[in-house]
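Worksheet for the structure shown next.
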Amino acid sequence: MKINKYVEDLRTKSAAELNDELVAAKKELFNLRFQNATNQLDNTSRIKEVRKNIARIQTILAQKAAQ
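Plus 41 on top of the position in the sequence shown (first one is 1) and you've got this note's numbering.
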């Protein structure tokens, strides 16, 4: 249910807002990878979660572009 609410929230945003969110998610992923490489990351499952969120944002952007 938490994921569905996140996806519905993404669908209400404009393409510019989605692009901003995509950039922020990619920065977060970079920081998580950096922390993981230096053994500072406690919750490694967060990397997988952020990667999936990036894919969700890109999917919705593609759907909006196709319309």
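We put the beta carbon where it would ideally sit given N, CA and C, even for glycine.
Interface flag, residue i vs chain D, CB-CB below 8 Å
i, result
"Q99", "Any reference to chain D falls outside this structure, which holds one protein chain only."
CB of residue i within 8 Å of CB of residue j, strictly
i, j, result
"A66", "I95", "yes"
"K105", "A56", "yes"
Residue i, buried or exposed, once every other Cβ within 10 Å from all chains shown has been counted against 16
i, result
"V91", "buried"
"I44", "exposed"
"E62", "buried"
Secondary structure of residue i, DSSP reduced to three states
i, result
"L82", "coil"
"T53", "coil"
"Q99", "helix"
"Q108", "coil"
Whole-number beta carbon distance between residue j and residue i, since they are thought to touch under 8 Å
i, j, result
"L82", "L70", "Contact doesn't hold; Cβ gap of about 12 Å is too wide."
"R97", "V48", "6 Å"
Same chain, Cβ closer than 7 Å to residue i, neighbours up to 5 away in sequence not counted
i, result
"Q76", "L82"
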